[in-house]
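Residue numbers (the working numbering), protein chains in the order written: chain P, 196 to 260; chain D, 119 to 424.
Below: the structure, in structure tokens.
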């Protein structure tokens, strides 16, 4: 059972990594650069959108780059 | 070295500039072993201090950066250098150079092996088992776990190295495939270690990211580890084995000259000595190389301008 769960987790890792790490990372970068965001969208939200989308693409294609 | 040297071999040993063509293959092997033997033994304190000191240095980057004492822009290159330096002390331990099983300081060998590669996220058991397979099957397209570093040139290596770290890449799974093929209890423990390391790494990255320290995690561990993987792969794997298309004791590894010199290539210009005599400590391989060079030349080794 544990093996099955871990297999599923690692199979979904690009998406999890995009949401769990890259999203907050991009959010922090946006915040530090002070880039004006339309409509006052929180930087973390934009970061999560970029990280999540990139992770989903990496999950589907098997490539980050 | 217990075998006695023939008079010709003894003369050649005394004067390495001597013509070795008079020696047959067996005498050359004896002479080679006799010379190599001189460079083995003793405790490699330099590598021990390097391994523990480097780990302490990398660990210190976290509090120094988080407390604001060290700027992030400085932490990134320092972490990249530190993680790049983290592999070789473990490599000494993988070959039991500090101490062999059953010897008094074997615990130190194992401690160094386990601790020094933590920043690189390479479990000691994984490193040792796959590295032994690399030695046994060097350049074998199916069995060498490091064959994924084969490339046409340095730039091609960098491109392949990055491509090999993508989620769906075959090269990314080569160590796991090797451990599966070995299917021993030790290989099973190595897989378990790798799993624990990965989960710990992700927990640290995710935890730091969600507590407002994503940049610190990215610039002290995540990105420097990628830099280190490329650097280590280039000098420890691609450069000494290039073009990596020959098998055989004297042809599967080469000596090479780098513009960066001995220290910045981490001693790998002389990697051929390591493949021939893995228990010679890293810091003695240059001297051993120059002592052995006439024999290596006589054996037809690729010594490319070195």
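Don't be surprised by glycine CBs; every beta carbon is placed ideally from N, CA and C.
Considering Cα atoms alone, identify which of the options is closest to residue i.
| i | options | result |
| --- | --- | --- |
| residue 273 of chain D | D/351, D/338 and D/173 | D/351 |
| residue 357 of chain D | D/181, D/231 and D/371 | D/371 |
| residue 152 of chain D | D/409, D/181, D/329 and D/275 | D/409 |
| residue 367 of chain D | D/391, D/219, D/376 and D/377 | D/391 |
| residue 238 of chain D | D/404, D/346, D/386 and D/377 | D/346 |
| residue 203 of chain D | D/316, D/189, D/365 and D/173 | D/173 |
| residue 193 of chain D | D/334, D/306 and D/422 | D/334 |
| residue 314 of chain D | D/287, D/149, D/236 and D/381 | D/236 |
| residue 385 of chain D | D/395, D/394 and D/399 | D/399 |
| residue 191 of chain D | D/142, D/338 and D/271 | D/338 |
| residue 156 of chain D | D/415, D/416, D/395 and D/348 | D/395 |
| residue 204 of chain P | D/181, D/200 and D/317 | D/317 |
| residue 240 of chain D | D/201, D/325, D/281 and D/326 | D/201 |
| residue 426 of chain D | D/319, D/415 and D/421 | A question about residue 426 of chain D goes unanswered here, because the residues of chain D that appear run from 119 up to 424. |
| residue 276 of chain D | D/378, D/344 and D/383 | D/344 |
| residue 223 of chain P | P/245, P/233, P/260 and P/206 | P/245 |
I want to see whether chain D comes within less than 8 Å of residue i, judged by CB atoms only; does it?
| i | result |
| --- | --- |
| residue 207 of chain P | no |
What residues of chain D sit near residue i, judged by a beta carbon separation below 8 Å?
| i | result |
| --- | --- |
| residue 215 of chain P | 320, 323, 324, 327 and 328 |
Using a Cβ cut-off of 7 Å, pull out every chain P residue sitting near residue i, in sequence order please.
| i | result |
| --- | --- |
| residue 336 of chain D | 220 |
For residue i, return the contacting residues in chain P, with the cut-off set at a CB-CB distance below 9 Å.
| i | result |
| --- | --- |
| residue 333 of chain D | 220, 223, 224 and 227 |
Which chain D residues sit within Cβ distance under 7 Å of residue i?
| i | result |
| --- | --- |
| residue 257 of chain P | 284, 285 and 286 |
| residue 251 of chain P | Per Cβ cutoff of 7 Å: no residues; residue 251 of chain P is ~12 Å from chain D at best. |
Report yes or no: is there a C-beta of chain P within less than 8 Å of the C-beta of residue i?
| i | result |
| --- | --- |
| residue 121 of chain D | With a pLDDT of only 44 at residue 121 of chain D, under 50, the local geometry of the prediction cannot be trusted, and the value read off the model is given with reservation. Not an interface residue. |
| residue 410 of chain D | no |
Give the residues of chain P in contact with residue i, contact being defined as C-beta atoms less than 8 Å apart.
| i | result |
| --- | --- |
| residue 280 of chain D | 260 |
Identify the contact partners of residue i in chain D, using a Cβ-Cβ distance below 9 Å as the criterion.
| i | result |
| --- | --- |
| residue 201 of chain P | 313 and 317 |
Give every residue of the same chain whose Cβ lies closer than 7 Å to the Cβ of residue i, excluding the five residues on either side of it in the sequence, and list them in chain order.
| i | result |
| --- | --- |
| residue 212 of chain P | 250 |
| residue 388 of chain D | 373, 403, 404 and 407 |
| residue 212 of chain D | 231, 245, 246 and 249 |
| residue 255 of chain D | 261 and 262 |
| residue 224 of chain D | 217 and 218 |
| residue 226 of chain P | 238 |
| residue 121 of chain D | Residue confidence for residue 121 of chain D is low, a pLDDT of 44 falling below 50, so the modelled location carries little weight and cannot support an answer. |
| residue 282 of chain D | 266, 289 and 290 |
Write down the C-beta distance between residue i and residue j rounded to the nearest angstrom, noting that I regard them as a contact closer than 8 Å.
| i | j | result |
| --- | --- | --- |
| residue 220 of chain P | residue 332 of chain D | 4 Å |
| residue 218 of chain P | residue 242 of chain P | 5 Å |
| residue 364 of chain D | residue 257 of chain D | 6 Å |
Which same chain residues end up closer than 6 Å to residue i when comparing Cβ atoms and leaving out the 5 residues on each side of it in sequence?
| i | result |
| --- | --- |
| residue 268 of chain D | 362 |
| residue 209 of chain P | 250, 253 and 254 |
| residue 207 of chain D | 165, 168, 169, 230 and 234 |
| residue 309 of chain D | 297 |
| residue 154 of chain D | 395 |
| residue 201 of chain P | none |
Here's a check: name, in chain order, each residue in its chain whose Cβ is nearer than 8 Å to the Cβ of residue i, leaving out the five neighbours to either side.
| i | result |
| --- | --- |
| residue 397 of chain D | 158, 213, 214 and 215 |
| residue 311 of chain D | 241, 242, 243 and 244 |
| residue 248 of chain P | 213 |
Check whether the Cβ of residue i lies closer than 8 Å to any Cβ atom in chain A.
| i | result |
| --- | --- |
| residue 373 of chain D | Protein chains in the displayed structure are P and D, and chain A is not among them. |
Let me check you understand the geometry: is the CB of residue i closer than 7 Å to at least one non-hydrogen atom of the ligand COA?
| i | result |
| --- | --- |
| residue 243 of chain P | The ligand content of the structure shown is nil, which means the ligand COA is not present either. |
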